[in-house]
Amino acid sequence: RVDFVFSSKAETSLVPQVLDHALSFWHRNRKIQDLGHDVAMRRQRMHQLNEISIALTGQMSQQELLRTILSEARRIAHCEAGSLFLIEPDEDEREALVFKLAQNDIVEFPFVETRLELSSGSIAGYVAVTGKELNIKDVYRLSDQLPYHFNHSFDEKNGYRTQSVLTLPMRDYRGRVVGILQFLNRVSVEDGVVVPFEEEIAEILRAIASQAAMSVQKNALIEDINRLFESFVQASVKTIEQRDPSMSGHSFRVAETTVDLLRALPESGNARFSRMTFTPEHIREVRYAALLHDFGKIGVPEAVLVK
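Numbers 311 to 617, taken from my numbering, label the letters of the sequence shown in order.
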């Protein structure tokens, strides 16, 4: 507490100046605090974005990859819910919008993967067809004149209230839309109220959508390569067995026994193997090696092979 004693009118006239100076100092100090908080938030988001990039470079199944993309993006944006769609061809090579994944922290619901017509009638469909993102403050206040509309059925069935929605296209390296990321109900960290998606967080989610598109395509390519190699191994084993019919089924039995023994090693009671762990990739490599252990028979003359 500071007490001022004014002995003259001149000193009394300084009071407004002192108060203005104090108020100006308080505003500057508050602005510095806000800037410090803003810098800390930006640094945290950049760290989270880097963590997502690292996570998406790892090898995982397609479904696990999609769950990681959506959950990590929602965590950064503080969203109640989100959905992920991929554009995939059907048997007739006609593209469709496939509803691959949905997450919601407020209500529980059974999810079923669904193929939807690729049209601009829905919010996700419009983004998929046009490649334009949509940032909607309140989907219940959409104009009837818009080419797209909001489907209320989920809200009505589950007692949920969708409000702010950000829908982003996932583009590959050629700029082609390969999927859609949709985020619902961004929540304010301060008071828990649903708020719109401001430009700063939308920019971060755009970067995640771009990284997600690359990761999904990379994962699909790896799965295609694995299926191709599996076909090569199967064809090779059949070729070997056709040259030596007496050994029919031998390679498959060896592979099955080898994999069973490998998995049993940590439980054998031998301290040497107690800490051994095998990833699915390790198991697959050993299985391939066992299947192809007689591959050299392909170069052996048939007269020697069946002698």
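Backbone N, C-alpha and C fix where the C-beta goes; we use that ideal spot for every residue, glycine too. Remember, predicted model here, so these are calculated numbers, not experimental data.
Which residue spans inside the region 439-511 form an unbroken beta strand (DSSP E) run of at least 3?
Within the region 439-511, the beta strand (DSSP E) runs of at least 3 residues that lie entirely inside it are, in chain order, 444-446, 475-481 and 487-497.
C-beta contact flag for residue 523 and residue 482 at 8 Å:
One thing to note: residue 523 has its Cβ within 8 Å of the Cβ of residue 482.
Take the Cβ of residue 410 as the centre, count every other Cβ of all protein chains shown within 10 Å, and call the residue buried at 16 or more, exposed below.
When all chains shown are included, residue 410 counts as buried.
Exposed or buried, which one is residue 449 when buried takes at least 16 other CB atoms within 10 Å?
Classification of residue 449: buried, given that the 10 Å Cβ count is 16 or more.
Beta-carbon contacts of residue 497 that lie in its chain and below 8 Å, excluding the five residues immediately before and after:
Once the five neighbours on either side are set aside, the close Cβ partners of residue 497 are 388, 389, 390, 503, 504 and 505.
Residue 551 by DSSP, collapsed to three states: which one?
In the three-state reduction of the DSSP assignment, residue 551 falls in the helix class, which pools H, G and I.
Run through the DSSP bridge pairs and tell me what residue 414 is partnered with.
391.
Just the Cα atoms here: how many angstroms apart are residue 606 and residue 553?
In this structure, the alpha-carbon of residue 606 lies about 12 Å from that of residue 553.
How would you label residue 379, buried or exposed, when you count the other beta carbons within 10 angstroms and need 16 or more for buried?
Answer is buried; the Cβ neighbour count reaches 16.
Measure from the alpha carbon of residue 443 to the alpha carbon of each residue in 535, 456, 478 and 461, then state which is nearest.
Considering only alpha carbons, the answer is 478.
Bridge-paired residues (DSSP) for residue 409:
As a beta-bridge residue in DSSP terms, residue 409 pairs with 395 and 424.
Rounded to whole angstroms, what's the CA-CA distance from residue 610 to residue 572? Just pull it up for me.
For the pair residue 610 and residue 572, the Cα-to-Cα distance works out to about 30 Å.
Would you say the region 422-436 touches the region 446-460, given that touching needs at least three Cβ pairs under 8 Å?
Put simply, the region 422-436 touches the region 446-460. At least three CB pairs are less than 8 Å apart.
Are residue 577 and residue 561 touching if we call contact CB-CB under 8 Å?
In this structure, residue 561 does not lie closer than 8 Å to residue 577 by Cβ.
Do the CB positions of residue 525 and residue 375 come within less than 8 Å of each other?
In terms of Cβ geometry, residue 525 and residue 375 form a close pair [threshold 8 Å].
Run through the region 536-581 for me and flag every whole alpha helix (DSSP H) of 4 or more residues, listed as ranges in chain order.
If only uninterrupted alpha helix (DSSP H) runs of at least 4 residues are considered, those enclosed by the region 536-581 are 560-574.
Segment limits, alpha helix (DSSP H) that includes residue 601
Per DSSP, residue 601 is one residue of the alpha helix (DSSP H) stretching across 590-601.
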